[in-house]
Amino acid sequence: MPPKPPLPDPETLALQALAFIAGDDDRLERFIGLTGIDPGSLRNIARDPAGLGAVLDYLLGWEPLLLEFAEAHELKPESIAVARRKLPGSHEEQ
Numbered sequence: 001m002p003p004k005p006p007l008p009d010p011e012t013l014a015l016q017a018l019a020f021i022a023g024d025d026d027r028l029e030r031f032i033g034l035t036g037i038d039p040g041s042l043r044n045i046a047r048d049p050a051g052l053g054a055v056l057d058y059l060l061g062w063e064p065l066l067l068e069f070a071e072a073h074e075l076k077p078e079s080i081a082v083a084r085r086k087l088p089g090s091h092e093e094q
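Right, dumping it as structure tokens:
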């Protein structure tokens, strides 16, 4: 069995999550509706490590979406939680 590629860094993973959310109208509409984020602010979030952490918080807060994202990116869901802890604003910052 070939070795698994390493996980992307936390910011890259969060950018992938944001793209995953934005890539589907229903997911994006729910994200905007629940977070109150202005659609025009998505680019700013993508440039802000704390904003990227918030994207992973959102993903981790809704298990069906988390599992869908993890499966689409061939990741273990818990690896997303590990990445979240490495971004600013985590309750478990190291």
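Position 29 (the sequence shown) corresponds to 29 in UniProt numbering; numbering is contiguous.
By construction, the Cβ of each residue, glycine as well, lies at the ideal position given by its N, Cα and C atoms.
In the DSSP assignment, find the alpha helix (DSSP H) that holds E68 and state where it starts and stops.
Here residue 68 corresponds to residue number 68 of the sequence shown, with the count starting at 1. Here the alpha helix (DSSP H) through E68 covers E63 to A72.
Mind checking which residues open and close the alpha helix (DSSP H) that includes G51?
Numbered from its first residue, the sequence shown carries residue 51 at position 51. Under the DSSP assignment, G51 falls in the alpha helix (DSSP H) whose first and last residues are P49 to L60.
Considering G33, what are the terminal residues of the alpha helix (DSSP H) in which it resides?
Taking the sequence shown and counting its residues from 1, the one referred to as residue 33 is at position 33. Element bounds for G33: D25 to T35.
Proximal residues to F69 (C-beta, below 7 Å), its chain only, five neighbours per side dropped:
The sequence position of residue 69 within the sequence shown is 69, counting from 1. Closer than 7 Å at Cβ, skipping near neighbours: A17, F20 and L59.
Please classify V55: is it buried, with 16 or more other beta-carbons within 10 angstroms of its beta-carbon, or exposed?
On the sequence shown, residue 55 is found 55 positions in, with the first residue counted as 1. Looking at its Cβ environment, which holds 16 or more other Cβ atoms inside 10 Å, V55 is buried.
Helix or strand or just coil, what does DSSP make of S41?
If you number the sequence shown from 1, residue 41 lands on position 41. Of the three classes helix, strand and coil, the one that applies to S41 here is helix, per DSSP.
According to DSSP, simplified to helix, strand and coil, what is E93?
By 1-based counting over the sequence shown, the position of residue 93 is 93. Note on E93: pLDDT 48, under 50, position unreliable in the model; no value is reported.
Mind checking A83: buried by the 16 CB within 10 Å criterion, or exposed?
By one-based count along the sequence shown, residue 83 stands at place 83. It is buried - the Cβ of A83 has at least 16 other Cβ atoms within 10 Å.
Could you spell out where the alpha helix (DSSP H) holding residue 98 opens and where it closes?
Because the chain spans 1 through 94 in this model, residue 98 falls outside it and cannot be assessed.
By Cβ distance, which residues of its chain are closer than 6 Å to E93, with the 5 residues on each side in sequence left out?
In the sequence shown, residue 93 corresponds to position 93, counting from 1. Confidence at E93 is low in this model, with a pLDDT of 48, below 50, so its placement is unreliable and the value that follows should be read with caution. Taking C-beta separations shorter than 6 Å and ignoring five residues to either side along the sequence, E93 has no partners in its chain.
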